[in-house]
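6 protein chains.
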Amino acid sequence: MMRPSKRAQDELRAVTIERNVSKHAEGSCLIKFGDTHVLCTASLEERVPPWLRGQQRGWVTAEYGMLPRATGDRMRREASAGKQSGRTQEIQRLIGRSLRAVVDLQALGEVQITVDCDVIQADGGTRTAGITGAWVALFDCIEWMKARDMVKDGVLKDHIAAISCGIYEGTPVLDLDYAEDSTAETDANFVMTGSGGIVEIQGTAEGVPFSEAEFGQLTGLAKKGITRLVDLQKMAIL
Amino acid sequence: MMRPSKRAQDELRAVTIERNVSKHAEGSCLIKFGDTHVLCTASLEERVPPWLRGQQRGWVTAEYGMLPRATGDRMRREASAGKQSGRTQEIQRLIGRSLRAVVDLQALGEVQITVDCDVIQADGGTRTAGITGAWVALFDCIEWMKARDMVKDGVLKDHIAAISCGIYEGTPVLDLDYAEDSTAETDANFVMTGSGGIVEIQGTAEGVPFSEAEFGQLTGLAKKGITRLVDLQKMAIL
Amino acid sequence: MMRPSKRAQDELRAVTIERNVSKHAEGSCLIKFGDTHVLCTASLEERVPPWLRGQQRGWVTAEYGMLPRATGDRMRREASAGKQSGRTQEIQRLIGRSLRAVVDLQALGEVQITVDCDVIQADGGTRTAGITGAWVALFDCIEWMKARDMVKDGVLKDHIAAISCGIYEGTPVLDLDYAEDSTAETDANFVMTGSGGIVEIQGTAEGVPFSEAEFGQLTGLAKKGITRLVDLQKMAIL
Amino acid sequence: MMRPSKRAQDELRAVTIERNVSKHAEGSCLIKFGDTHVLCTASLEERVPPWLRGQQRGWVTAEYGMLPRATGDRMRREASAGKQSGRTQEIQRLIGRSLRAVVDLQALGEVQITVDCDVIQADGGTRTAGITGAWVALFDCIEWMKARDMVKDGVLKDHIAAISCGIYEGTPVLDLDYAEDSTAETDANFVMTGSGGIVEIQGTAEGVPFSEAEFGQLTGLAKKGITRLVDLQKMAIL
Amino acid sequence: MMRPSKRAQDELRAVTIERNVSKHAEGSCLIKFGDTHVLCTASLEERVPPWLRGQQRGWVTAEYGMLPRATGDRMRREASAGKQSGRTQEIQRLIGRSLRAVVDLQALGEVQITVDCDVIQADGGTRTAGITGAWVALFDCIEWMKARDMVKDGVLKDHIAAISCGIYEGTPVLDLDYAEDSTAETDANFVMTGSGGIVEIQGTAEGVPFSEAEFGQLTGLAKKGITRLVDLQKMAIL
Amino acid sequence: MMRPSKRAQDELRAVTIERNVSKHAEGSCLIKFGDTHVLCTASLEERVPPWLRGQQRGWVTAEYGMLPRATGDRMRREASAGKQSGRTQEIQRLIGRSLRAVVDLQALGEVQITVDCDVIQADGGTRTAGITGAWVALFDCIEWMKARDMVKDGVLKDHIAAISCGIYEGTPVLDLDYAEDSTAETDANFVMTGSGGIVEIQGTAEGVPFSEAEFGQLTGLAKKGITRLVDLQKMAIL
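Protein chains in written order, with this note's numbering: chain A, 780 to 1017; chain B, 780 to 1017; chain C, 780 to 1017; chain D, 780 to 1017; chain E, 780 to 1017; chain F, 780 to 1017.
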């Protein structure tokens, strides 16, 4: 089996992370997983959602969007359609949950950080690139707060990163691009912390159901990929 | 550790499936997982979504809803709010994908079956009860079609059922009810076929991340539970 | 003239009222007028609409919904359509007005009771079954409040019930089912109190206009039917 | 009892009907019931709703709107609120049904006439003025079609007009203005044909329920009022 | 070149302004530019938008609407479409900005005046007729406030009026009607004060671009027309 | 007077145009006017809007969006708000009209080109940068079509570019950035062709009205700026 991109079975696409790409945001980066490019910005607001007011805890949430021509065919702009698709909502809920898993909301204080992940160009894996980049934007936002004595150390408890795996032409592979994703039999997304804990698992059989053993192989690939992504995050924030 | 319901770690709630509860639908059942009650109806329509027209294949889709007072506090009616929540869309997409995994859409012919899962009363696990009941409604709808020579045997390739597992007070348990679900550290939903293949996995750490070993334990519980649910489906359709 | 259901001209369908069908609601019942089945739940909330705040009066309101396959053909889910139809809004306004006609809102105190009427299965007369069942759910909700010393006696001033009548193949008949309703020349709904006062009348000629005399006959039938429904409510709450 | 307007119990407000007030519409009039002013336009379109296509029958429908400052306090514009209120939908459905009761839809041919009733100024009774004026606009639209040989005689089978009655300070009165409407115990709207048949009745007890005898008195007043309105329509179209 | 209306190149249509046309509004007029008829009402509310609260300044805003059959073909009602078109929003923002240019918002005090411009009949130039009439309604509203000692003199700093110009069959003309507007090569709207200052300019080439010299000619025509409109406003408020 | 950016009165910000920034779009560029960055993509679709079908003419349209944190404060995402603001609609209509002014729609054939202008970072002048960049994306899209023999030469008749001018602290200046735009007394946008014709003019007095002479000065600046922008477009497409 040869992957369309000629990558090895356990090989990530070229990943780059460029920080401070936004003049306005408290934290930002442009992350690329090959041809998938996601702009992540973290915005600090000094108010929390209504249901959290007065509890001396903060909140971290995320929103996700895709430019209309990020994809091969132009998609209708969600603002013009008048609503966000189920897919968009699913992804932004996932990003928010993932980030909150590594933030001490008590220590954050009564503020909200919104991380926007906007897909400038899509080639598969936008949600995993989004989570991985969102962590960097969040890191910089919290550094920004530290520099202003708004928070102490310890707000950000760990790294968080995400990767997809799948069974493509019968073989488990890491980091699906669009050519693989659109034909893979099984597709799974993993979100893990820097210390190796699992935060989210989502696996879907597109055609033939998969076995527990196969899922174990995918988990193994994911651990390897996420270890690498966390290293890249560490290098990016040096 | 004692579960609030005093069930054993690997014990399902009392599950009942009552077929033919709707005068109008081609297939229907009322499924109960303890105090969680979901009405499932399968509706046959002789037209497919626009993007599928003329391809001589059918479609199976699902919609999910909850009566406003299915829950402890009354929730706002989605029809009055003017849109379906992200959670609702996520669940109905999951149910649809799960059902399609066991249907031969080519053999179904150019028709659409919509399975509605409406939660009459909620006590945790509405999506897993929904999927398990939806299969029964779908089975009856296809039998209805067979009786009218609209399809041959083999349209429905296997059973499909779903169950939740979680880590509750440090212990892996099967089939979370609301009391457990609202405090569990980890919460996972499994969708599997009658022959044991995995179709969907969704696992979320609510607090502390979980390990691969813990996830393996949850998968083991889920396989046991789903084997039992498929047996109950078989008894229901005798 | 023979009615499709073979009922006498002034004969109701079989009516049953099952109380306490919801684990969560303060009051609830499942009411059946033949094949028309409506689930009614009363929900108590300790806040009133904005325009009523601080006036030491309560409010009773109603919402109405229909499961997508309650009817012969599947209808589009209103939550997915993004709005409630004119028909839905008309009916829920009618139910709310009818209930408020027999409640002492001053004596209720600054709380709101929302009665949800959800049609599980439809065969004509859903609004009249809804009003008749809503009264029972409301009764139980107020009993619930009495048991907690939240209100005194006298909040609920009378019974309220509703029935349809129509001119079917030239003959005035009581309690139209769907087969009659869809072809009746004239269709009228009556809402009356236990002491015989009229609270709402809605009469529509579908084809030929009707005369004052004919409307008098329909009113006579309705009085008879509602007397019987109030008796059934009394038996249900014994 | 003295009515706020000093009118006799069975006295209409001053009613005027001015035809041909629109440069563009096929039929139009400005109808005034005292300070209630409604602009009615009838628009002919050579296509029918999708569900009626190919059946060689036409359709008559109505829409209702109110300018934001037609009322004592400015109301939010429905176009800006993003939806029509339940009240608006209820009224426009009533106007449409009333008009269709006197039109031979077969004879109309496969076209649609939409009558818009826009309230320029409101002082109670906007729906009854709307129906009464809508008939005149519809009449002129059908005359316009006759002049172009699009239809024969007999499309419009009868007059239709509407009036409100109510029990105000214990006394049945005809044609409520806003001062009466806002405090009346009972409020009823009647829609009748020129030959005296009843097409729609809507009666609501705002406080104390009403008796069958009282409703009979209101019906008597309504018949008197509608006879007068039909005379005014006849004079208007001379 | 002969204009379809046979007007001279620099000739306005017949303009009339009728004040006090609304029983309820604090200020109102019906303005006619030929067959374009716009009802303008000014409504005073004792609260300002949230972002202005506590700043001891007032606000003037505008809304714009068109009756469905104001035009040659019936347009869909925006309330039924569920949103205001881009054109409607563009126009109401323009009217609001134009009015605020001549109001001392500090002197107005913490209140809001909403001017509604509703097009009863359209024949080109509805936005310019709207602005010109809106000023008269606003004037009367402020007079109403003065009569109640709510404001002093000087709130309204100047007149404001608007007119369209365009290049029609190669010739610059003043005050386009629909016949001209729909075929003009260039179309421009000017909003100016009574003392001749320019507040808004909007010019669009529909086909061939225009030159600076041509735009100068249009500006000259507009100044002439607005001088005349301001005179008519002065006569109307005598 | 010193401009905040220390630019000369008639000096543009640094303008750069980077072509082919999208893997998927038929034409694309990233245009920067200083800190204002707009991504422009042109998408070719082989179907035209319904009202244009069968007329053998094409269409060019535009959509505009802003990433939530393109601005100093995070703005609510329009897709989440459920509608596009009036400002967004106004801008996208302007971009579309501007582009159509230089396209021979007949020669384009029955296809539609949609140009998306998405603001990645905002610092004033997003609409003028958008139009200037949109032309480049459109140019490349038409070149793409030429290379596939879908169109001949002559579809694109001229360049189109846009710039803002304003009166800032009493002095007319070219190409306002946010610091100037937010306090300028007068703000005007000009859209002109490569041959110097004017296609759109929009001028607004924010405070004191402006004179015809002042507007002439702004027009002069704009011509100078647009000449320079057209030169930059020419260099970009070499």
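Beta carbons: idealized from backbone N, C-alpha and C, even for Gly.
Only a predicted model underlies this, so the values are computations on that prediction, with no experimental measurement involved.
Below the 7 Å Cβ cutoff, chain B contributes no neighbours of residue 848 of chain A, its closest Cβ being approximately 20 Å away. With respect to residue 983 of chain A, residue 966 of chain A sits close: the two C-beta atoms are nearer than 7 Å. According to DSSP, residue 809 of chain E shares a beta bridge with E/797, E/818. Per DSSP, the unbroken beta strand (DSSP E) holding residue 971 of chain A starts and ends at 965-972. Residues of chain D whose Cβ lies closer than 7 Å to the Cβ of residue 998 of chain C are, in chain order, 991.
Only residues of its own chain outside the window of five on either side were considered, and among them 841, 843, 894, 896, 906, 909, 910, 913 have a CB closer than 8 Å to the CB of residue 874 of chain E, listed in chain order. About 19 Å separates the Cβ atoms of residue 930 of chain C and residue 798 of chain C, ruling out a contact at the 8 Å cut-off.
Between residue 861 of chain A and chain F, the shortest Cβ-Cβ separation is below 7 Å.
Judged by DSSP in its simplified three-state form, residue 995 of chain D adopts helix. The C-beta distance from residue 839 of chain B to residue 935 of chain B rounds to 10 Å, too long to fall under 8 Å, and the pair is not in contact. The straight-line gap separating the alpha-carbon atoms of residue 941 of chain B and residue 808 of chain B is approximately 16 Å. When Cβ-Cβ separations below 7 Å define contact, residue 872 of chain D makes contact with chain C. Residue contact check for residue 900 of chain E against chain D: a CB pair falls below 7 Å. Not flagged as an interface residue toward chain F: residue 954 of chain A, since no C-beta distance is shorter than 7 Å. Boundaries for residue 979 of chain F: no alpha helix (DSSP H) harbours it, while the beta strand (DSSP E) harbouring it runs 977-984, taken from the DSSP string. Under the three-pair Cβ rule at 8 Å, the stretch 970-983 of chain A counts as touching the stretch 987-1001 of chain B.
In terms of Cβ geometry, residue 880 of chain E and residue 944 of chain E do not form a close pair [threshold 7 Å]. For residue 845 of chain F, the enclosing beta strand (DSSP E) covers residues 838-845.
Chain C places no beta carbon closer than 7 Å to that of residue 909 of chain B, leaving this residue out of the contacts.
Around residue 850 of chain D, the same chain offers 901 as residues with beta carbons nearer than 6 Å, after the five sequence neighbours per side are excluded.
For residue 885 of chain E, same chain residues with a beta-carbon under 6 Å away, outside a window of 5 residues either side, are 836 in chain order. Ranked by how close their Cα comes to the Cα of residue 887 of chain B, the residues B/921, B/857, B/898 have B/921 in first place. In terms of beta-carbon proximity, residue 811 of chain F stays away from the interface with chain A, with every pair separated by 7 Å or more. Every beta strand (DSSP E) of 3 residues or more that sits fully in the stretch 842-916 of chain F is shown, in chain order, as 891-900. Residues of chain F with a Cβ closer than 7 Å to the Cβ of residue 978 of chain E are, in chain order, 984, 988. Taking C-beta separations shorter than 7 Å and ignoring five residues to either side along the sequence, the partners of residue 815 of chain D in its chain run 900, 901, 902, 903, 904, 905, 908, following chain order.
In this structure, residue 823 of chain E places its C-beta atom within 7 Å of the C-beta atom of residue 892 of chain E. Residue contact with chain A for residue 972 of chain F: absent (no Cβ-Cβ distance below 7 Å to any residue of chain A). Chain order gives the chain F residues near residue 856 of chain A as 842, 844, where near means a beta carbon separation below 7 Å. If you check each beta-carbon in the stretch 824-835 of chain C against every beta-carbon of chain B, the ones closer than 8 Å belong to 824. Residue 951 of chain E is positioned such that its CB atom lies no closer than 7 Å to that of residue 972 of chain F.
Separation of the CB atoms of residue 958 of chain E and residue 858 of chain D is rounded to 28 Å, and the pair is thereby denied contact status at 8 Å. Counting along the chain, residue 958 of chain D sits inside the alpha helix (DSSP H) bounded by residues 957-960. Under the Cβ criterion of 7 Å, residue 822 of chain B is counted among the residues facing chain C.
Sequence-distant partners of residue 812 of chain F (beyond 5 residues in either direction) whose C-beta falls short of 6 Å from its own C-beta, in its chain, are 792, 794, 904, 908.
Annotation for residue 876 of chain C: 978, 979 place their beta carbon closer than 8 Å to its own, counting only its chain and skipping 5 residues before and after.
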